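Numbering (my numbering), first residue to last: 1 to 247.
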């Protein structure tokens, strides 16, 4: 059955007019397991509506307690500046939620480097490897998502496909991610490099990945044995696990 649209919110939370108490400025700290409170319920409805519009297939997991998608929603709804986020482009809301979902799905609390993640700072300022350029473009959308050799485990969630047409490089090399490569990666139409070598991924390479026309390099997990389903990738043998030769 198709996902049920969330109830449309008609009210936004009231902003307090009390004079704030002056406190020392502290660096943002990550909160990995936020708890939803009654005051965040209207905000949650607004967020659910924005996410549903972009990712209706995620909606069931979004509402299921304990899933990576639900934990990411709880965190996003608890942010101090969530109202500012909601008033901005919906694509930024979805991007921030999708990154938080990746964090939870790959056990981000165990990463070697997680500076900035799940703090109030802009997601473009969170830790990513930047050897190959800036993480985000000038509009604030992810171009390079590189978390090579950072102790990621768990699995790659379908929400990886929500990073839109800006992302050019996706690299999870040298981690212990398991499970299948999600077909949702096929939605990343501008992807040029997909690097998944030295993980514990298994199963076939999705056909959708082979249809990415901009993809020029694809290195996969040593465990995947379904070779060369990549009709638009030059030198398709780069997908292969062993010393296969180009035809």
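Heads up, the beta-carbon is just placed ideally off N, CA and C, and yes, glycines get one too.
Treat the numbers as computed from the prediction; the structure is a model and nothing was measured.
What does the alpha-carbon distance come out to for the pair residue i and residue j?
i	j	result
residue 70	residue 170	24 Å
residue 67	residue 131	32 Å
residue 136	residue 84	20 Å
residue 103	residue 201	17 Å
residue 124	residue 197	25 Å
residue 24	residue 119	In this prediction, residue 24 scores a pLDDT of 47, lower than 50, which makes its location untrustworthy; no coordinate-derived value is stated.
residue 117	residue 126	5 Å
residue 129	residue 144	9 Å
residue 182	residue 87	31 Å
residue 121	residue 115	10 Å
residue 184	residue 155	13 Å
residue 257	residue 206	This structure does not reach residue 257, given that the chain is present from 1 up to 247, and the question cannot be answered.
residue 272	residue 58	The requested residue 272 does not occur in the structure, where the chain is confined to residues 1 to 247.
residue 141	residue 98	12 Å
residue 49	residue 90	10 Å
residue 203	residue 105	19 Å
residue 42	residue 82	12 Å
residue 138	residue 63	33 Å
residue 157	residue 107	12 Å
Any idea which residues DSSP pairs residue i with across the strands?
i	result
residue 200	178
residue 219	195
Could you tell me how far apart the beta carbons of residue i and residue j are, in whole angstroms, since I believe they sit closer than 8 Å?
i	j	result
residue 211	residue 186	6 Å
- Any chance the region 166-176 sits against the region 146-155, with 3 or more Cβ pairs inside 8 Å? yes
- Just list the beta strand (DSSP E) runs in the region 113-181, keeping only unbroken ones of 3 residues or longer that don't cross its boundaries, in chain order. 144-146 and 169-171
- Is the region 93-110 in contact with the region 45-57, if contact means three or more CB pairs nearer than 8 Å? With the cut-off at 8 Å, the region 93-110 and the region 45-57 touch.
- Task: Check whether the region 176-193 touches the region 210-218, taking contact to mean three or more Cβ pairs, one atom from each stretch, closer than 8 Å.
- Result: These segments touch.
- Item | Every unbroken alpha helix (DSSP H) within the region 46-123, with a cutoff of 4 residues, ordered by chain | For the region 46-123, whole alpha helix (DSSP H) runs of length 4 or above, ordered along the chain, are 59-63, 68-78, 82-86 and 90-105.
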